[in-house]
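Chemist: Chains as they are written, first to last, in my numbering: chain A, 1042 to 1332; chain B, 1042 to 1332.
Quick one: the structure is below, and I'll ask about it shortly.
Protein chains: 2
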Amino acid sequence: MSAVILDGKALGLRIEAHLAQRVATLKNSGVEPHLAVVLAGDDPASQVYVRNKQRACERCGIKSTRIDLPNDVSQEQLMRVVANLNSDESVHGILVQSPTPNGTDELAITETIDPSKDVDGFHPTNLGRLVMGQTDGLLPCTPAGIIQIIEDANIDLIGKKAVVIGRSRIVGMPLALLLAQKGIDATVTIAHSKTEDIEGICRTADLVVAAIGRAETIQTDWIKPGATVIDVGINRVVDDSRDSGSRLAGDVDPAVSEVAGHMTPVPGGVGPMTISMLMSNTVRAAEILLN
Amino acid sequence: MSAVILDGKALGLRIEAHLAQRVATLKNSGVEPHLAVVLAGDDPASQVYVRNKQRACERCGIKSTRIDLPNDVSQEQLMRVVANLNSDESVHGILVQSPTPNGTDELAITETIDPSKDVDGFHPTNLGRLVMGQTDGLLPCTPAGIIQIIEDANIDLIGKKAVVIGRSRIVGMPLALLLAQKGIDATVTIAHSKTEDIEGICRTADLVVAAIGRAETIQTDWIKPGATVIDVGINRVVDDSRDSGSRLAGDVDPAVSEVAGHMTPVPGGVGPMTISMLMSNTVRAAEILLN
Chain A
1042 MSAVILDGKA LGLRIEAHLA QRVATLKNSG VEPHLAVVLA GDDPASQVYV
1092 RNKQRACERC GIKSTRIDLP NDVSQEQLMR VVANLNSDES VHGILVQSPT
1142 PNGTDELAIT ETIDPSKDVD GFHPTNLGRL VMGQTDGLLP CTPAGIIQII
1192 EDANIDLIGK KAVVIGRSRI VGMPLALLLA QKGIDATVTI AHSKTEDIEG
1242 ICRTADLVVA AIGRAETIQT DWIKPGATVI DVGINRVVDD SRDSGSRLAG
1292 DVDPAVSEVA GHMTPVPGGV GPMTISMLMS NTVRAAEILL N
Chain B
1042 MSAVILDGKA LGLRIEAHLA QRVATLKNSG VEPHLAVVLA GDDPASQVYV
1092 RNKQRACERC GIKSTRIDLP NDVSQEQLMR VVANLNSDES VHGILVQSPT
1142 PNGTDELAIT ETIDPSKDVD GFHPTNLGRL VMGQTDGLLP CTPAGIIQII
1192 EDANIDLIGK KAVVIGRSRI VGMPLALLLA QKGIDATVTI AHSKTEDIEG
1242 ICRTADLVVA AIGRAETIQT DWIKPGATVI DVGINRVVDD SRDSGSRLAG
1292 DVDPAVSEVA GHMTPVPGGV GPMTISMLMS NTVRAAEILL N
């Protein structure tokens, strides 16, 4: 048996095509959806991420503005930039690229963003809505993308066991809340580095989501035949067979695809969906403001 | 074997005695902790709850003010009362007794409360902090009380399996987040009405928390010998042997105490702790304001 590969890149592009139609409708109403991306410092990976987000904006017809700040920007300066974007009525979404420079308090900056423009979905007010079962607002992008992948593949989780490995504020915790909500109705287990018998817990699950951050941790014998496996990990590992000397690896051993029923690849699974959900939040923020 | 009964009433009184000391310290600094309770309508149960909360304030030395509003109060009037309390610097905690009258939007009223005065811990901003792993603010009272009961009994949950049955915004969801946080480190499963094989899932658990709202649902053969069982349910059931014709019952069959290692009673378990945690939040809110 070989798993159906859940192509997040293709799904993301389909979602973005739908978003482009909603953007066109908004523009007909005189509203141009507009994402402001704040990039402080010169981290090379952040440069790539920001460029990918701006390209996605272009695909959707969303206006994007990039605000570059020096590596030695102060907390006060960063907060002032965000405050100005909060009060700028032409801006619908604000994203401060993570990580912010050393010496700045990233969480405090996140909390400065107007929750109605928080297209990353990281503001405590938006996270709190998930606890309350309110999922029609701005959702954190990676968890929202995972839900979209599962729904697009028509995977029914009602009453089924889902295991989320990882308890971060960005992926694990909000995803657990989304999977447990009414309508999705999974029985959700939050597992983490302290969990005993993680293999045994995974083996009983119909859905395993790996957000561990350690390459190829999930092994074939951890997975129940036919289960869905979602791989959130993006790890760079040594590979002497490549010219670059390294390759990208997920948190799941690729051999797991021999037993899983459905599985996301790395790259091309959850990653592209995260960006598509950022686009979705930006359009949603503009629509909410219009209505 | 017979379970150790976790006496929430006694623990609550001990916590309140400590709080009384902190209140005395605050008063020495010129701050009198002050809880404002808004009671709209004439629901008899709400009258009892509010009286119990005011009595707890008296035990701790916290000033309490009760604002009675008619059953036909409008949403706007309720919101205005809350707004006035938000701007009243003498008030540290605001509680709007649930349920609010028909025709009012209780969640919208909750969101009107200044998060720094939200001593129920129900504001989305305070719930969102739990998703972020920040547990030093105002916590929802029932989940916080359950954590206190577990810690007071020195029950170690690191890596162990905890099952929370119920996914409400007030108990199940926030409690799951608290149990999974670093330092407590349980492997948490959120179960609910759609969960398949709930008995089997409970039987593997070291901690079972029942927040179901259906009398005596959890049976002896659902519980692993020695496990901890926390009963959040308060259900009124027919009992012809009583003069009143009824009695209070939890969500757990009392016979479970024959197999459990630790168990909370109903009444006298989680209920009194909820009120003590309300007191704790009020003192905390006053302390945070002072510092």
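For each residue, glycine too, the CB sits at the ideal point set by N, CA and C.
Counting along the chain, where does the alpha helix (DSSP H) carrying threonine 1151/B start and finish?
Modeler: 1147-1153
Chemist: Which residues does DSSP pair with methionine 1173/A in a beta bridge?
Modeler: None, per the DSSP bridge assignment.
Chemist: If we define contact as Cβ-Cβ less than 7 Å, is alanine 1232/B a contact residue for chain A?
Modeler: yes
Chemist: Could you spell out where the alpha helix (DSSP H) holding valine 1079/B opens and where it closes?
Modeler: Premise fails: valine 1079/B lies in the beta strand (DSSP E), 1075-1081, not in any alpha helix (DSSP H).
Chemist: Can you say whether leucine 1144/B is buried or exposed, counting buried as having 16 or more other CB atoms within 10 angstroms of its CB?
Modeler: For clarity, residue 1144/B is glycine in the given sequence; the question names leucine instead. So glycine 1144/B counts as exposed.
Chemist: May I have the straight-line CA-CA distance separating alanine 1185/A from glycine 1071/B, to the nearest angstrom?
Modeler: If I take the Cα positions, the gap works out to 48 Å.
Chemist: For a contact meaning CB atoms closer than 9 Å, what does asparagine 1167/B contact in chain A?
Modeler: What asparagine 1167/B touches in chain A: Pro1165 and Gly1169.
Chemist: With three or more C-beta pairs closer than 8 Å as the rule, is the region 1242-1252 of chain A touching the region 1250-1257 of chain B?
Modeler: no
Chemist: If I measure Cβ to Cβ from lysine 1094/B and keep anything under 8 Å in the same chain, skipping five residues before and after, which residues do I get?
Modeler: If we look at lysine 1094/B and ignore the five residues flanking it on each side, its Cβ neighbours are Leu1076, Val1078, Ser1105, Leu1136, Ile1316 and Leu1319.
Chemist: Does the pairing of the region 1273-1280 of chain B with the region 1231-1242 of chain B give three or more beta-carbon distances under 8 Å?
Modeler: no
Chemist: How would you label asparagine 1195/B, buried or exposed, when you count the other beta carbons within 10 angstroms and need 16 or more for buried?
Modeler: exposed
Chemist: Give the interface partners of methionine 1320/B over in chain A, defined as CB-CB distance under 9 Å, in chain order.
Modeler: Those do not exist, as methionine 1320/B stays about 23 Å from chain A at its closest Cβ, beyond 9 Å.
Chemist: Could you give the distance in angstroms between the alpha-carbon of asparagine 1276/A and the alpha-carbon of serine 1287/A?
Modeler: 10 Å
Chemist: What is the rounded straight-line gap between the Cα of isoleucine 1150/A and the Cα of isoleucine 1211/A?
Modeler: 15 Å
Chemist: Taking buried to mean at least 16 other C-beta atoms within 10 Å of its own C-beta, is isoleucine 1199/A buried or exposed?
Modeler: exposed
Chemist: Rounded to the nearest angstrom, what separates glutamate 1027/A and glutamine 1189/A at their Cα positions?
Modeler: This structure cannot speak to residue 1027/A, because chain A is shown only from 1042 to 1332.
Chemist: Start and end of the beta strand (DSSP E) containing aspartate 1272/B?
Modeler: 1269-1272
Chemist: Quick one, which of Gly1213/A, Thr1066/A, Val1123/A and Ile1187/A has its alpha-carbon nearest glutamine 1138/A's?
Modeler: Val1123/A
Chemist: Which residues in chain B sit within 9 Å of isoleucine 1199/A, going by Cβ to Cβ distance?
Modeler: Near isoleucine 1199/A (Cβ distances below 9 Å), the residues of chain B are Lys1235 and Glu1237.
Chemist: Throw me the rounded Cβ distance for the isoleucine 1046/B and methionine 1304/B pair, which I believe falls under 8 Å.
Modeler: 6 Å
Chemist: Distance cutoff 7 Å, beta carbons only. Does alanine 1246/B sit that close to anything in chain A?
Modeler: no
Chemist: Going by C-alpha distance, which of Gln1260/A, Val1205/A, Leu1219/A and Asp1226/A is nearest serine 1234/A?
Modeler: Val1205/A
Chemist: Measuring alpha carbon to alpha carbon, tell me which of Ala1221/B, Leu1289/B and Glu1147/B ends up nearest glycine 1174/B.
Modeler: Ala1221/B
Chemist: Bridge partners for isoleucine 1239/B per DSSP, in chain order?
Modeler: Paired residue(s): none; isoleucine 1239/B is not in a bridge.
Chemist: Classify alanine 1086/A: buried if its beta carbon has 16 or more other beta carbons within 10 angstroms, exposed otherwise.
Modeler: It counts as exposed.
Chemist: Can you give me the start and stop residues for the alpha helix (DSSP H) that aspartate 1284/A sits inside?
Modeler: First-last for aspartate 1284/A: undefined, no H or E at that position.
Chemist: To the nearest angstrom, how far is it from the Cα of glycine 1213/A to the Cα of glycine 1224/B?
Modeler: 17 Å
Chemist: Just the Cα atoms here: how many angstroms apart are aspartate 1113/A and proline 1142/A?
Modeler: 7 Å
Chemist: Looking at chain B, is there any beta carbon in it that lies within less than 7 Å of the beta carbon of methionine 1214/A?
Modeler: yes
Chemist: Kindly indicate the opening and closing residues of the alpha helix (DSSP H) around threonine 1323/A.
Modeler: 1311-1331
Chemist: In its own chain, which residues sit with a C-beta less than 8 Å from the C-beta of glutamate 1299/B, not counting the 5 before and 5 after it?
Modeler: These residues qualify, in order along the chain: Met1042, Ser1043, Ala1044 and Thr1261.
Chemist: Straight-line CA distance for arginine 1063/A to glycine 1162/B?
Modeler: 37 Å
Chemist: In chain B, which residues lie less than 8 Å from aspartate 1284/A when you measure between Cβ atoms?
Modeler: Near aspartate 1284/A there are no residues of chain B at all, since even the closest Cβ is about 41 Å away, more than 8 Å.
Chemist: Are alanine 1326/B and histidine 1133/B closer than 7 Å when you measure CB to CB?
Modeler: In contact: alanine 1326/B and histidine 1133/B (Cβ atoms closer than 7 Å).
Chemist: Note down, in chain order, every chain B residue with its Cβ under 7 Å from the Cβ of arginine 1255/A.
Modeler: For a Cβ distance threshold of 7 Å, nothing in chain B lies close to arginine 1255/A: the least Cβ distance comes to about 17 Å.
Chemist: Contact defined as beta carbons within less than 8 Å: I believe isoleucine 1056/A pairs with serine 1321/A. What is the distance between those atoms, to the nearest angstrom?
Modeler: 7 Å
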